[in-house]
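Numbering (the working numbering), first residue to last: 173 to 520. Cβ atoms here follow ideal geometry from the backbone N, Cα and C, with glycine treated the same way.
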Amino acid sequence: MLVIEPFDSGSGAHDPVLQLSCLDASLAIRPVFERFSSVIITSGTLSPIDLYPRLLNFNPVIRESLPMSVYRASICPLVITRGSDQMPVSTKFDLRDDMSVVRNYGTLLLEMAACTPDGMVCFFPSYLYMEKIIGQWDSLGVLKRVLSSKLLFIETKDVVETTLALDNYKKACDCGRGAIFFSVARGKVAEGIDFDRHYGRAVLLFGIPFQYTLSNTLRARLEYLRYTHQIREGDFLTFDALRQAAQCAGRVLRSKTDYGLVIFADSRYNRADKRTKLPPWITQFLLTSHLNLSVDMAVFMAKKYLSLMAQPVDESTNVNSILLDADGVSKWLGKHPKEDEPVQWHSK
């Protein structure tokens with residue numbers, strides 16, 4: 173579809189833009205289905221799995237959603253709904269400019285920076301919101317206090333600047349100084365940069381990364397999904413936002429021996445219709461006691477978790493305990509078709 177925008181949506185200035193947008197995602201994967209009779213699609217961010225067959229236009233023969241096979245609680249997800257003053261925290265439109273939200277987010281950043289070793293990554297819904305709240309934190313003196321614990325680095329729209337910031341961030345973690353990396357969901361860092369081991373002991377998600385709903389391109393896609401696949405706008409927007417949140421959370425967990433905190437700092441994550449769309453490798457560790465927390469409660473639980481995970485473990489013995497042996501493989505194969513019953517993904 174060709175989208176024509178005669179005016180800049182931000183400034184309102186006359187700045188014509190032509191955008192060529194693909195509304196049907198199945199066009200990209202159709203050649204794969206046509207060429208191969210058996211296709212396996214696997215990812216840690218496919219939840220909820222029911223939506224993908226409709227979006228990509230195929231009939232799955234086998235559909236599995238598996239928990240993470242680990243020998244210890246590799247991640248500790250915490251949902252923060254309010255500050256220590258019991259005021260709600262959220263980046264939704266009617267609250268994002270509330271100074272109590274800004275202060276409570278700043279307090280969360282400050283407290284987590286003090287108790288988290290080495291590296292910490294923070295994700296924001298957009299560049300605009302990130303720049304705005306960082307400026308507000310600076311005027312409140314929050315960043316000056318954070319610098320006593322860790323150095324600060326920021327993702328920008330310039331690839332060279334961001335690459336340089338990432339290099340210096342890792343150097344700060346390597347030398348023991350510690351660092352925080354401010355980045356944006358859907359940005360370069362969220363899509364493909366790993367913060368394994370000491371480079372990412374905690375990830376903070378400030379808000380839910382919903383798309384900009386006034387975008388004409390997004391509106392066109394939502395209309396297409398509604399009329400073609402009967403997918404409601406709210407369902408797709410929530411699915412897309414929670415998928416991005418899971419993508420951000422996964423930056424800090426890159427192996428079976430890795431561990432880290434995942435802080436969901438928005439009251440909307442406490443709603444069942446939101447958190448149930450997170451993948452099983454997160455929800456399997458999301459206990460009832462981890463929900464509806466205030467900042468001080470979350471900091472207490474974070475300190476306890478990090479202290480426990482810092483204890484030495486015999487990784488070679490423990491990793492072997494979660495690998496499938498011959499009996500385990502036999503049991504797994506018994507649940508699925510035999511070799512003469514190939515698994516196929518049929519394109520419509």
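Cross-strand partners of residue i (DSSP beta bridge)
i           : result
residue 177 : 189
residue 481 : The partner list for residue 481 (beta bridge, DSSP) is empty, contrary to what the question assumes.
residue 254 : 260 and 466
residue 307 : None, per the DSSP bridge assignment.
residue 239 : Answer is none; residue 239 lacks a bridge partner.
residue 432 : 247
residue 278 : None, per the DSSP bridge assignment.
residue 355 : 295
residue 437 : 252 and 378
Interface flag, residue i vs chain B, CB-CB below 8 Å
i           : result
residue 395 : Among the chains of the structure shown, chain B does not appear; only one protein chain is present.
C-alpha gap between residue i and residue j, whole angstroms
i           : j           : result
residue 173 : residue 390 : 11 Å
residue 306 : residue 432 : 24 Å
residue 219 : residue 454 : 11 Å
residue 409 : residue 208 : 31 Å
residue 446 : residue 311 : 33 Å
residue 352 : residue 291 : 6 Å
residue 448 : residue 186 : 43 Å
residue 252 : residue 206 : 46 Å
residue 201 : residue 231 : 13 Å
residue 190 : residue 178 : 9 Å
residue 262 : residue 268 : 6 Å
residue 478 : residue 325 : 23 Å
residue 317 : residue 357 : 25 Å
residue 440 : residue 419 : 18 Å
residue 376 : residue 471 : 12 Å
residue 369 : residue 430 : 6 Å
residue 293 : residue 355 : 7 Å
residue 457 : residue 222 : 22 Å
residue 297 : residue 271 : 18 Å
residue 247 : residue 217 : 16 Å
Buried versus exposed call for residue i [16 or more other C-beta atoms within 10 Å across all chains shown]
i           : result
residue 161 : Past the boundaries of the shown model lies residue 161; the chain is included only from 173 to 520, so the question cannot be answered.
residue 395 : exposed
residue 438 : buried
residue 517 : With a pLDDT of 40 at residue 517, under the threshold of 50, the predicted position of this residue should be treated as unreliable, and no value is reported.
residue 365 : buried
residue 241 : exposed
residue 350 : buried
residue 474 : buried
residue 347 : exposed
Cβ-Cβ separation, residue j to residue i (assumed contact under 8 Å), whole Å
i           : j           : result
residue 466 : residue 255 : 6 Å
residue 378 : residue 277 : 6 Å
residue 329 : residue 299 : 7 Å
Best match in the options for proximity to residue i [C-alpha to C-alpha]
i           : options               : result
residue 460 : 232, 405 and 249      : 249
residue 308 : 273, 326 and 339      : 273
residue 196 : 425, 472, 422 and 392 : 392
residue 285 : 212, 481, 266 and 315 : 315
residue 381 : 234, 294, 416 and 399 : 416
residue 313 : 281, 340 and 399      : 281
residue 338 : 319, 320, 321 and 372 : 372
residue 399 : 192, 279 and 227      : 227
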